[in-house]
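A.B. asks:
Numbering (the working numbering), first residue to last: 20 to 174.
Laid out in structure tokens, this is it:
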């Protein structure tokens, strides 16, 4: 399983668009793809219509137990085959503060993504991040095998 984090400290440069389109192409090719929307704006969460909306989302994935039931309760299914998502539900933007003092904060996300219920059911995980610096962005980078950073050329 490959874990890709789409990262940049700048907002509005295409991270969500890149995440959504890369995930769609991989899913269309037959790969089982899980998207994670860690951005508080939740743009990726609104990108695809859902077949099933999970009762939980990113907050519970990060802060919940590292067991199959807890992890599965955060995964929603889109109407498209092979394309699932963990929705952003960090409306108050307070997860950064909740994990800041935790010694395992850098590995919170990785520990969930290597759990068999994700590692054995998905070929790719693509993480959409917020355009800033913070512990959630750090956790996404630590979890990833590959970092993608879109650039906007100047004229």
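Just so you know, even glycine gets a beta-carbon here, dropped at the ideal spot from N, CA and C.
Can you give me the Cβ contacts of residue 21 inside the same chain, cut-off strictly under 6 Å, excluding the 5 residues immediately before and after it?
C.D. replies: 143 and 164
A.B. asks: Which two residues bound the contiguous alpha helix (DSSP H) that contains residue 95?
C.D. replies: Premise fails: residue 95 lies in the beta strand (DSSP E), 95–97, not in any alpha helix (DSSP H).
A.B. asks: Determine contact between the stretch 74–84 and the stretch 98–115, defined as no fewer than three beta-carbon pairs at a distance below 8 Å.
C.D. replies: yes
A.B. asks: Specify, as a first and last residue, the run of the beta strand (DSSP E) that residue 128 falls within.
C.D. replies: Counting along the chain, residue 128 falls outside any beta strand (DSSP E), though it belongs to the alpha helix (DSSP H) covering 127–132.
A.B. asks: Judging by CA-CA distance, which residue of 71, 70 and 56 is the nearest neighbour of residue 64?
C.D. replies: 56
A.B. asks: Among 68, 114, 81 and 84, which has the Cα closest to the Cα of residue 95?
C.D. replies: It is 68 whose Cα lies nearest to the Cα of residue 95.
A.B. asks: Please report the distance separating the alpha-carbon of residue 130 from that of residue 29.
C.D. replies: 27 Å
A.B. asks: According to the neighbour-count rule (16 or more other Cβ atoms, all chains shown, within 10 Å of its Cβ), is residue 88 buried or exposed?
C.D. replies: With fewer than 16 other Cβ atoms from the protein chains shown falling within 10 Å of its own Cβ, residue 88 counts as exposed.
A.B. asks: Which residue comes first and which comes last in the alpha helix (DSSP H) that contains residue 77?
C.D. replies: 77–82
A.B. asks: Would you identify the three-state DSSP class for residue 141, choosing helix, strand or coil?
C.D. replies: In the displayed model, residue 141 falls within coil according to three-state DSSP, outside both helix and strand.
A.B. asks: Should residue 109 be labelled buried (16 or more other beta-carbon atoms within 10 Å of its own) or exposed?
C.D. replies: buried
A.B. asks: Looking at the strands, I want to know which residues DSSP matches up with residue 24.
C.D. replies: Looking at the DSSP assignment, residue 24 forms a beta bridge with 146 and 166.
A.B. asks: Going by C-alpha to C-alpha distance, which of 80, 122 and 167 sits closest to residue 90?
C.D. replies: 80
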